[in-house]
Amino acid sequence: MTVLHSAPATAHDYKFINGLRGLAAVFVFINHAPFILTSLGITNSTFSTWGWIYVNLGSFGVQIFFCITGFLFFDKVIKTPTMQWDNFFEGRVRRVAPLYYFSSLTVVLIACFYSNFEIFDKNTLLTLASMLTFNFLDGPSKIGEVALTPLNSVTWTLVHEWRFYAVLPLIALAYKSKYNKLILATAVVLTAIDLSVSAIVCWSYFLTGIVAAVLHKKIQCSKINAGTLSILALGIFIYTCGIKVEQGYGALRFVLTSCFFLCITIGNPKLLHAQCLNRLSDISYSIYLMHLPILYLTFKTASLFVDLSTISKTTFWSINSKRSMKPTFQAET
Numbered sequence: 001m002t003v004l005h006s007a008p009a010t011a012h013d014y015k016f017i018n019g020l021r022g023l024a025a026v027f028v029f030i031n032h033a034p035f036i037l038t039s040l041g042i043t044n045s046t047f048s049t050w051g052w053i054y055v056n057l058g059s060f061g062v063q064i065f066f067c068i069t070g071f072l073f074f075d076k077v078i079k080t081p082t083m084q085w086d087n088f089f090e091g092r093v094r095r096v097a098p099l100y101y102f103s104s105l106t107v108v109l110i111a112c113f114y115s116n117f118e119i120f121d122k123n124t125l126l127t128l129a130s131m132l133t134f135n136f137l138d139g140p141s142k143i144g145e146v147a148l149t150p151l152n153s154v155t156w157t158l159v160h161e162w163r164f165y166a167v168l169p170l171i172a173l174a175y176k177s178k179y180n181k182l183i184l185a186t187a188v189v190l191t192a193i194d195l196s197v198s199a200i201v202c203w204s205y206f207l208t209g210i211v212a213a214v215l216h217k218k219i220q221c222s223k224i225n226a227g228t229l230s231i232l233a234l235g236i237f238i239y240t241c242g243i244k245v246e247q248g249y250g251a252l253r254f255v256l257t258s259c260f261f262l263c264i265t266i267g268n269p270k271l272l273h274a275q276c277l278n279r280l281s282d283i284s285y286s287i288y289l290m291h292l293p294i295l296y297l298t299f300k301t302a303s304l305f306v307d308l309s310t311i312s313k314t315t316f317w318s319i320n321s322k323r324s325m326k327p328t329f330q331a332e333t
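Note that the UniProt record's numbering gives residue 162 to position 162 of the sequence shown, counting from 1, and the numbers run on in steps of one.
In C-alpha cells, the structure reads:
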C-alpha cells in the first residue's frame, strides 16, 4: 500500500550514504522490537543472551542519522554559492511534516482504541500539544491512560533535526567567513567540554557530519586505503555493538561513531552501494516513524494467540521483518 511518496529532499550521488541510511533504519528497528515486548510486560529471556547489542544498535543508528544529516546539508552549503533559505525551510516542512503527522495520527488512534476512548483529560491535551509542535513543547506522552513510549519514542530525535535546520544558515555564514577555522576549533572545544560534563550529547554528531563533508571533498582515497578504512569501520561497529555503556550518547560513543562515519565517508565502501541497501534508504523515514506502531499492533495481536515470552528469535524476526517493511512512505534527507 502506497500512502505517501515524496521526492528526495536533497539530490546527491552518494550511494554509500544511502546504503548507510538504510542500515541505520534497520538498526533502530532491531533495537525497538525486543523493547516493545518489554514495554508490554512480556519477558523473553532469549533476547538477553545477546547482551547489549540491541541497546547499542538503536543509539548507533540514531547517531548515524544525525551524522548523515550534517553531512548532506553541509555538503549542500559547500556546493551552493547562495542558499535560498526560504525554499530550504519550506522544503523541509513539506518532506518531514506529512509523514510525521500521519504517524502521530496513527499513534493517537491506536492509543484511543486501547484506552477505550477514555481520553478527555489533561494528559491527552498536553500530549497532543507536544505532538503538534514536534515535541518542542514537553508533554506527559500519554493518551488517556495509555503511555505512548512504545508507540512513538523515536520522535524525540526530530527536535534535534529541526534545531540543526534552524542553525544551518548561521553555520553557512561561519563557513564562508575568513574566521571559519577558528570557529570550527571553537566548536570542537565546546563539543569536548559538553561531552565531559553531560551524559547525553546529540548536537555533536551533526558536527561530525559537517567535518566529514569537508574531508570527503578534500581527500582522495586509493583502493588500498579505502579497503583499510572499511575494515576499520567494521571493527569499530563490532566493538560498538558489544560495549557496555549506560548512556549511549557520551564521549566514548561519540568518538567511536565519529571515527566510524569518517571511515565510511572517506573510504566510500562499495558494499554500501548495494541496491538492496539503497532501496532501504528510500523507505528509511517510513521505517523510522512507522515501525513502532506496527510492532505494537503486531505484538498486541499476536499475544492473544501466542506466548511471546517463549517465542524463538527466528520466528520473532521473520514475523516482524515482513510486517514492518510493508509501508512504502518515502521522504529522504
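No residue lacks a Cβ here, since even glycine has one placed at the ideal position from N, Cα and C.
Here K142 is bridged, per DSSP, to A147.
In this structure, I294 lies away from P150, with their beta-carbon atoms at least 8 angstroms apart. With a beta-carbon spacing of about 6 angstroms, F16 and I264 fall inside the 8 angstroms limit used to define contacts. With contacts defined as CB atoms closer than 8 angstroms, G144 and S130 fail to qualify as a contacting pair. Between N56 and C241 the beta-carbon gap is near 5 angstroms, inside 8 angstroms, which marks them as a contact. With respect to the 8 angstroms criterion, A25 and Y205 are not classified as neighbours on the basis of their beta carbons. In the structure shown, the three-state DSSP call for C112 is helix. With three or more CB-CB distances shorter than 8 angstroms, the segment 193-209 counts as touching the segment 64-76. Your pair G22 and L234 does not check out as a contact, with CB atoms roughly 17 angstroms apart and the cut at 8 angstroms.
Beyond the five residues adjoining it in sequence on each side, I200 comes within less than 8 angstroms, by CB distance, of Q247, Y249 and G250 in the same chain, given in chain order. With the rule of 3 Cβ pairs closer than 8 angstroms, the segment 116-135 counts as touching the segment 147-163. C259 places its beta carbon 8 angstroms or farther from that of I231.
Each of I266, L229 and G209 was checked against the Cα of G70, and the nearest Cα belongs to G209. A172 is a Cβ neighbour of V77, given a cutoff of 8 angstroms. Taking R92 as the centre and dropping the five residues before and after it, the same chain places the C-beta of Y165 closer than 6 angstroms to its C-beta, in chain order.
Between L20 and I68, the C-beta spacing is below 8 angstroms.
Every candidate beta strand (DSSP E) stretch fails here, since none sits fully inside the segment 242-304 while reaching 3 residues.
Per DSSP, P81 lies in no alpha helix (DSSP H) and is assigned neither H nor E. Around K300, the same chain offers L40 and Y114 as residues with beta carbons nearer than 8 angstroms, after the five sequence neighbours per side are excluded. In the DSSP assignment, T124 falls within the alpha helix (DSSP H) that extends over K122 to L132. For the pair V146 and C221, the Cα-to-Cα distance works out to about 52 angstroms. Non-local C-beta neighbours of N180 in its own chain, meaning closer than 7 angstroms and more than five positions away in sequence, comprise A174, ordered along the chain. Secondary structure at V188: helix, using DSSP grouped into helix, strand and coil. In the DSSP annotation of this structure, the continuous segment of the alpha helix (DSSP H) that includes F29 starts and ends at K15 to S39.
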